[in-house]
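J.:
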Amino acid sequence: MKDWTKHLPPMSTLGPLLALLAACAFFALKTDNFLSAQNFSLVMQQVMVVGLLAIGQTLIILTAGIDLSCGMLMALGSIVMTKLATEMGLHPLVAMAIGVGATTAFGLVNGLLVTRIKLPPFIVTLGTMNIAFAITQIYSESQTVTDLPEAMTWLGDPVMLLGTPVARGVLVLLGLYAAVWFALTHTAPGRHLYAVGNNTEAARLTGISTQRVLLWVYALAGTFYGIASLLSVARTGVGDPQAGQTENLDSITAVVLGGTSLFGGRGVIIGTLIGALIVGVFRNGLTLMGVSSVYQILVTGVLVILAVAADQLSQKQAR
Amino acid sequence: MKDWTKHLPPMSTLGPLLALLAACAFFALKTDNFLSAQNFSLVMQQVMVVGLLAIGQTLIILTAGIDLSCGMLMALGSIVMTKLATEMGLHPLVAMAIGVGATTAFGLVNGLLVTRIKLPPFIVTLGTMNIAFAITQIYSESQTVTDLPEAMTWLGDPVMLLGTPVARGVLVLLGLYAAVWFALTHTAPGRHLYAVGNNTEAARLTGISTQRVLLWVYALAGTFYGIASLLSVARTGVGDPQAGQTENLDSITAVVLGGTSLFGGRGVIIGTLIGALIVGVFRNGLTLMGVSSVYQILVTGVLVILAVAADQLSQKQAR
Amino acid sequence: MHAAAPTSSNPVVLQATGLVKRYGQVTALDGADFELRAGEILAVIGDNGAGKSSLIKALSGATIPDQGEILMHGQAIHMKSPIDARRQGIETVYQDLAVAPAMTIAENLFLGRELIKPGFVSQMLRVIDKKRMLEEAIERMNDLKVGIRSMTQAVETLSGGQRQCVAVARAAAFARNVVIMDEPTAALGVKEGNMVLELIRRVRDKGLPVILISHNMPHVFEIADRIHVQRLGKRAAVLNPKMVSMADTVSVMTGAMRPDQLPAEALC
Amino acid sequence: MHAAAPTSSNPVVLQATGLVKRYGQVTALDGADFELRAGEILAVIGDNGAGKSSLIKALSGATIPDQGEILMHGQAIHMKSPIDARRQGIETVYQDLAVAPAMTIAENLFLGRELIKPGFVSQMLRVIDKKRMLEEAIERMNDLKVGIRSMTQAVETLSGGQRQCVAVARAAAFARNVVIMDEPTAALGVKEGNMVLELIRRVRDKGLPVILISHNMPHVFEIADRIHVQRLGKRAAVLNPKMVSMADTVSVMTGAMRPDQLPAEALC
Amino acid sequence: ADQPIVGLITKTETNPFFVKMKEGAAEAAKAKGAKLLTAAGKQDGDNAGQVTAIENMIAAGAKTILITPSDAKAIVPAIKKARDKGVMVIALDSPTDPQEAVDALFATDNYKAGVLIGQYAKAALAGKPAKIATLDLFPGHPVGAQRHNGFLKGFGLAANAATSNELSKPAEVVCMADSYGDQAKGQTAMENCLQKNPDINLVYAINEPAAAGAFKALKSAGKDKNVVIVAVDGGCQGVKDVAAGKIAATSQQYPLKMAAMGVEAGVAYAKTGKKVAGYTDTGVTLIAGKPVAGVDSKDTTTGLNLCWGKK
Ligand SMILES: Nc1ncnc2c1ncn2[C@@H]1O[C@H](COP(=O)(O)OP(=O)(O)OP(=O)(O)O)[C@@H](O)[C@H]1O
Ligand SMILES: Nc1ncnc2c1ncn2[C@@H]1O[C@H](COP(=O)(O)OP(=O)(O)OP(=O)(O)O)[C@@H](O)[C@H]1O
Ligand SMILES: [Mg+2]
Ligand SMILES: [Mg+2]
């Protein structure tokens, strides 16, 4: 009788999902333009960069770490790839690969500092955040890079899906979430990542190379940030040295809203996507309602708390 | 023979202290103006606001929480007290008390949400951060409040101490650090705070009211933010609605640089003061050296990592 | 020393009826009854997962049962948290010890009941008396004859048995009404285990009833006045250790024998 | 069943000489020697804090000793982490169990050695075979006769004894060379404890030597071929359980008797 | 050692406007043999960071400090302390409040910059009823308010005066959103505005990156042809966007010039002890792709020659 419940996602994802649906229902009632496939596609497109950054952030938080450098690495990656493609005249694909390589290298450095010298992730990524920011400014002379080859914005262009235009980058985003979900839940390395975050010492004692897992996670997160650079460049059509400054907090917010614990080892990647969508829906819906910007901030503050509180209270009920 | 070591501060404070001394030595060699009592007093004055915010932040982090709202609460407090004193014509002391009361009330709300509804501190304080920011903007109409009564800047004025002018606020800062250090290490409530952060469930089972401890901690942190408002108003001579935006990260950085664990239960309050000073010394010394501002950010990134790495490696050596 | 009084006539101190505790699909307590009499040592035994820890967690306020009633001296009490249990004078050694790993032995011993320095100011500020706490800690731990080299070590650096001694010493020192011990000797050596049994007897001789959960049958038979057998979340029987054999007890515990197959005098 | 072979003539599998491990002012190991022979069950006993866990942590790569040498089949080995020990085929049950509390029983059993689905793609991606892992987990836990109602429960929701069974089952299932068990029966009930002893015998009968740390003297005397007595961070003696009484053993362990006061045939 | 030391404090590190300002200052300092110290707030609005920078520069021996105040009022007490120590303080780009708090001001009038594009937009719409979206800076920022209100004033709508920090919102403004002067956020804001009101035909953007973001959003929605976008700054990239027809017009300002003038004044003060005083308008020029009747504007070729104040 109770059997069908076991096909539901775990409670920790259900909560954020309900919050998201509640927010959607609210805005659908309050505004005319909210409830359309096209508007939803728009929101997806708006959260695509933060959503991708949040994949890397989730991986790191699941290992009980935190990454303050993600936004700056994204900015660095987009400057590197756009400058190489325009000023150095490299083939766009090569330039893009080098850009992703640069963020991956930075991620690897984060990982090496965390594993080899055993520095707290907060400090390491605070340091690389500053370093990446400075390099970005120096290398770009703080100038936006424009006139990109078309291949670099290809991911930002829409394809028609069931009559709705959807940016290619959104499909990349969804594909990566699916892939990471599979890797985390159905492969051995994914389970090791959870084990390391849940009880590092136990993972070490059972013979998991915790250092190697962490190193991989940070490097891979760097790669995801590089892909976020690709999407950011494709979306805005420029290489923007000012990008990424608010995305650190936004990505962490998406992870935590999605039900992942900052203490590591507990959380579901799909929750992060929902968390990112919650923020995007708030912003979109409040603008559609014509709420002025200060009040938007006020309402967002209240809603964030309400969303998680509703989740919390519903779980208490269920117990 | 080894006995004298037990009078030293614990290793976790020694490391940051060594990093601070190393930074001071470096700048003393590299610049003419660094090594003077007056310059040191200047640095103290510059870190006084962040240093005070970081007291509250330390308390919260010791309980395995985090506070993103501290800077915004400070801004709110300073707007409330300055507006009441100027526009409403309240007696400055009354206005200041109400300002501190406002931040305390907000801290209490944070605490209630964390303890009663059991929301993650990250989410709660993210929400109140936004709410406090919006209220500050609405209440102040985003206008800086000027023409303050003299009593409100009294704390910013210097007194002569051994021939060096030292801002009164610096003395307040040092006094509060000493008081909190005593409370944390020598009183029962202080030890309970550590126990809650170290193992909440164990603390609960031994009969400590973990909820009450947490509630107190958040409310008290709010009070410290209110005192930081006082210092901020006294230092800048105005009520600034844009204040506090960078202070969140700065205060957390000071705490972590000072050797306190983000996982709670482990850390020393004096380390936080040292952590705040490290950041202040970097900024002051690099400016004195004439390093240009982008490169200052680069160097700060590298130095933060080096400081903690040196600490970490020295501890490994000691083992 | 061991007063062989027929405790089954003593007044009931702590009583529970029909306790139920469910976790999702798992039923940890399935209508368990319980009865502790004044001045007795009551052993609680049962297979792993039989619900012993769940039972005493309900009795000590650590969890709130879904159903059932708890009575203290015949009066229903409603404990919302371990603080309520402490107010009732119930002290507990939990199976997973409930220590703060980063804090020292002395601090853990006095956690939640720190010794406060005399003097008005100290009392107001609740300044702790570190010196006296250290001295008393040394004394308590010596009682258990456990060789700990430094009392200011963090508990996380202790060996498994040493850590258990900290938890036992704490409960024994502060109980005013009932002491509950969940497998207090599991990690202890022969010598230290005997010291804990000795300690339990001393507590009982002070007049406090003791609940002892243990898998160590020789210990149980050496010390218990009555034996509560827990099985599948229920109380299966209460046995008299002087009238029943160890083998029969184990049979009842594992379900190989029904309690009514035992002679009537074995039950109590 | 219990092959009473004089194992003292068997070749030495694992050996250690002069192990020293210091933590600040505390010396956990103070020049300890150790010797494990092929096909034997070697019990390690000692007071709380005697350095038993520290000894086996050094043997399993969990800590790196400050001094001393470890030899496997006569060859010096340098283990930097538990991974190295696993490569040598050494499996260990740690006293604090080393489980990931938020993960399920099946996942914990196979942690670090997940079963991978057949097929090239699955092998490349290292896709785990959840179904087979669940089945095997049920089988392993049934071996220990522990009644766990749902195998997809998180380990943190298990009772103390159930959790210990998970750790024991894991080590027993995967050992290829040496099995080390640090107090595997401490939290177990009578039935479950006996099942673990039975399991240890089965492992030995497969030809693998077992190191068993235990405070339970009846267990030790029932099962051990030789007894290593650890005292104050050193090996005090190696005793032959067939030639020495339990009381004498305890005396040696607690320091009440010097080993040379025992008859020569008691030592081995 | 008797090299004159000049300090330059900008609002942030990242805005191309301030980067150009630094470049101008560095060049002038090199030419005049002065030592340049630079510092910036962590982000726009970081007054405390600027106060700290002033103190540190005085400690480093700077006799002249050039500052683009993040907060016109809040910085005043710190500037007063500096001037009391004999330091000459010059505000660049935006004034302090009161303006007399500094020795001199080299700046453009942001309100006026707004008025110019407002006038241009009014003419460009040629009598069509306006449906306006404004992509502003962020809450509480004076420059954001001045440009926004100036734009509305120039357009002929009711608007707050230059001293107000509050954004006016007449009925013609159908959507107001914050862009933080950032291209990606400008794009998101524009997308949401379009969703709210698809008939928007005039976009005011706080600066050119935000305008570029708005253009991208309009283009994706297939509406880039019928919408007029106006912005402020006149940076080289912005003028290129005007030339390319993405932005209709922009008000050009000259950070390089301000900074160079500031450094020169600082060197002169160090050599002669004479301070500069008063307000020097470094000028605003309207750069438009297509000139409209009744509003003075320069073409993009001129704009590119002048951008950031190169000449
Ligand atoms: N928090 C929980 N969530 C889910 N199940 C739980 C929880 N706590 C206990 N259980 C389940 O309740 C049952 C009884 O557990 P309990 O700890 O009371 O057993 P016990 O008799 O103390 O066993 P042991 O002798 O092994 O300590 C077990 O099957 C256990 O899995
Ligand atoms: N990480 C550590 N830091 C400091 N001291 C430690 C640490 N680990 C162990 N010790 C000390 O080393 C000594 C030996 O500990 P060990 O765990 O080896 O004892 P044991 O023989 O296993 O005891 P038990 O029977 O209680 O498990 C103890 O006094 C303990 O306090
Ligand atoms: Mg139990
Ligand atoms: Mg041990």
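Residue numbers (this note's numbering), protein chains in the order written: chain X, 589 to 907; chain G, 589 to 907; chain A, 429 to 696; chain Y, 429 to 696; chain D, 828 to 1138. Glycine residues also receive a C-beta, built at the ideal position from the N, C-alpha and C atoms. In this text the structure is predicted, and so the values were computed from the model without any measurement.
Helix, strand or coil: which one does DSSP assign to Leu1133 (chain D)?
T.: Helix, per DSSP.
J.: Using the beta-carbon of each residue, which ones in chain E are nearer than 7 Å to Arg514 (chain Y)?
T.: Among the chains of the structure shown, chain E does not appear; the protein chains present are X, G, A, Y and D.
J.: Start and end of the alpha helix (DSSP H) containing Ala675 (chain A)?
T.: Run containing Ala675 (chain A): Met674 to Thr682, per the alpha helix (DSSP H) assignment.
J.: Determine the chain D residues that contact Thr875 (chain X) at a beta-carbon separation under 8 Å, and present them in chain order.
T.: Cys1002, Ala1004, Ala1016, Asn1019, Cys1020, Gln1022 and Lys1023, listed in chain order.
J.: Please tell me whether Asn786 (chain X) has its Cβ less than 9 Å away from any Cβ of chain G.
T.: Closer than 9 Å: no.
J.: Provide the residue(s) that pair with Glu463 (chain Y) in DSSP beta bridges, ordered along the chain.
T.: Bridge partners of Glu463 (chain Y): Y:Gln443.
J.: Ligand 5 heavy atoms versus the CB of Ile641 (chain A): any closer than 8 Å?
T.: Among the ligands in the structure shown, ligand 5 does not appear; only ligand 1, ligand 2, ligand 3 and ligand 4 can be found there.
J.: For His647 (chain Y) and Lys619 (chain Y), what's the separation of their Cα atoms in angstroms?
T.: Each residue's alpha carbon lies about 13 Å from the other.
J.: If you compare alpha carbons, which of X:Leu901, X:Leu793, X:Ile840 and X:Gly847 is closest to Glu519 (chain Y)?
T.: The shortest Cα separation from Glu519 (chain Y) among X:Leu901, X:Leu793, X:Ile840 and X:Gly847 belongs to X:Leu793.
J.: Of all the options Y:Ala526, Y:Pro637, Y:Ala486 and Y:Ile641, which has the alpha carbon lying nearest to the alpha carbon of Asn787 (chain X)?
T.: Comparing Cα-Cα distances from Asn787 (chain X) to each of Y:Ala526, Y:Pro637, Y:Ala486 and Y:Ile641, the minimum goes to Y:Ala526.
J.: Along chain D, in chain order, which residues have C-beta atoms closer than 7 Å to that of Gly825 (chain X)?
T.: Result: Lys1043.
J.: What do you reckon, is the C-beta of Ser481 (chain Y) under 8 Å from a heavy atom of ligand 4?
T.: Yes, Cβ of Ser481 (chain Y) sits closer than 8 Å to a heavy atom of ligand 4.
J.: Helix, strand or coil for Gly863 (chain G), going by three-state DSSP, please let me know.
T.: If DSSP states are grouped into helix, strand and coil, Gly863 (chain G) belongs with the helices.
J.: Output the distance between the C-alpha atoms of Val892 (chain G) and Ile711 (chain X), rounded to the nearest integer angstrom.
T.: If I take the Cα positions, the gap works out to 7 Å.
J.: Show which residues of chain X have a CB atom less than 7 Å away from the CB atom of Glu840 (chain D).
T.: Within chain X, the residues near Glu840 (chain D) are Gln725.
J.: Taking the runs of the alpha helix (DSSP H) that are 4 residues or longer, which of them lie wholly in the region 1056-1120 of chain D?
T.: Complete alpha helix (DSSP H) runs here, min 4: 1063-1070 and 1082-1099.
J.: Between the C-alpha atoms of Asp676 (chain A) and Gln689 (chain A), what's the straight-line distance to the nearest angstrom?
T.: Taking the straight line joining both Cα atoms gives about 10 Å.
J.: So, is the C-beta of Pro687 (chain A) closer than 9 Å to a C-beta in chain Y?
T.: Chain Y contact via Cβ: absent.
J.: Could you name the residues of chain X that Thr1010 (chain D) contacts, counting a contact when the two beta carbons are closer than 9 Å?
T.: Note on residue identity: the sequence assigns Gln, not Thr, to residue 1010 (chain D). The answer, in chain order, is Thr732, Thr824, Gly825, Val826, Asp828, Gln830 and Ala831.
J.: Tell me which residues share the same chain as Leu625 (chain A) and place their Cβ nearer than 8 Å to its Cβ, disregarding the 5 neighbours each side in the sequence.
T.: For Leu625 (chain A), where only same-chain residues beyond five positions count, the Cβ hits under 8 Å are Thr613, His647, Glu650 and Ile651.
J.: Against chain Y, does His643 (chain A) count as a neighbour if the rule is that its beta carbon must be under 9 Å from one of theirs?
T.: Chain Y contact via Cβ: present.
J.: Measuring alpha carbon to alpha carbon, tell me which residue in G:Lys618, G:Val637 and G:Asp620 is nearest Gly868 (chain G).
T.: Nearest option by C-alpha distance: G:Val637.
J.: Candidates G:Thr646, G:Ser666 and G:Ser624: which alpha carbon is nearest Ala887 (chain D)'s?
T.: Among G:Thr646, G:Ser666 and G:Ser624, the Cα nearest to that of Ala887 (chain D) is on G:Ser624.
J.: Are Ala791 (chain G) and Gly489 (chain A) touching if we call contact CB-CB under 9 Å?
T.: Result no, Cβ atoms of Ala791 (chain G) and Gly489 (chain A) do not sit closer than 9 Å.
J.: Write down the C-beta distance between Leu650 (chain G) and Gly832 (chain G) rounded to the nearest angstrom, noting that I regard them as a contact closer than 8 Å.
T.: No, Leu650 (chain G) and Gly832 (chain G) are not in contact; Cβ-Cβ is about 22 Å, not under 8 Å.
J.: Since Ala807 (chain G) meets chain A, which of its residues come closer than 8 Å, beta carbon to beta carbon?
T.: The contacting residues do not exist; Ala807 (chain G) stays about 18 Å from chain A at best.
J.: Given 8 Å as the limit, tell me if Ile576 (chain A) has its C-beta closer than that to any heavy atom belonging to ligand 2.
T.: It does: the Cβ of Ile576 (chain A) is within 8 Å (strictly closer) of some heavy atom of ligand 2.
J.: Check each candidate in Y:Ile608, Y:Ile628 and Y:Arg560 and name the one with the smallest Cα separation from Ala513 (chain Y).
T.: Ala513 (chain Y) has its Cα closest to that of Y:Ile608, out of Y:Ile608, Y:Ile628 and Y:Arg560.
J.: Roughly how far, in whole angstroms, is the beta-carbon of Glu835 (chain G) from the beta-carbon of Gly659 (chain G), given that I think they are within contact range, below 8 Å?
T.: About 4 Å; that satisfies the 8 Å criterion.
J.: For Asn476 (chain Y) versus Ala603 (chain A), is the C-beta distance shorter than 9 Å?
T.: Not closer than 9 Å, so no.
J.: Rounded C-beta distance between Gly1105 (chain D) and Ala931 (chain D)? I'm assuming under 8 Å.
T.: The Cβ separation is near 6 Å, so the contact holds.
J.: Among the residues of its own chain, which have a CB less than 6 Å from the CB of Leu1021 (chain D), if the five just before and after it don't count?
T.: For Leu1021 (chain D), where only same-chain residues beyond five positions count, the Cβ hits under 6 Å are Ala1048.
J.: Spell out whether any CB of chain X is found under 9 Å from the CB atom of Tyr451 (chain Y).
T.: No, because no Cβ of chain X sits closer than 9 Å to the Cβ of Tyr451 (chain Y).
J.: Where Lys706 (chain X) and Val843 (chain G) are concerned, what is the direct C-alpha to C-alpha distance, given to the nearest angstrom?
T.: Each residue's alpha carbon lies about 18 Å from the other.
J.: Give, in chain order, every unbroken run of the beta strand (DSSP E) that is at least 3 residues long and sits entirely within the region 611-675 of chain Y.
T.: The qualifying runs are 638-641, 654-659 and 662-667.
J.: Below 9 Å on C-beta distance, what does Pro546 (chain Y) contact in chain X?
T.: By Cβ distance, chain X contributes nothing, its closest Cβ being about 14 Å from Pro546 (chain Y), past 9 Å.
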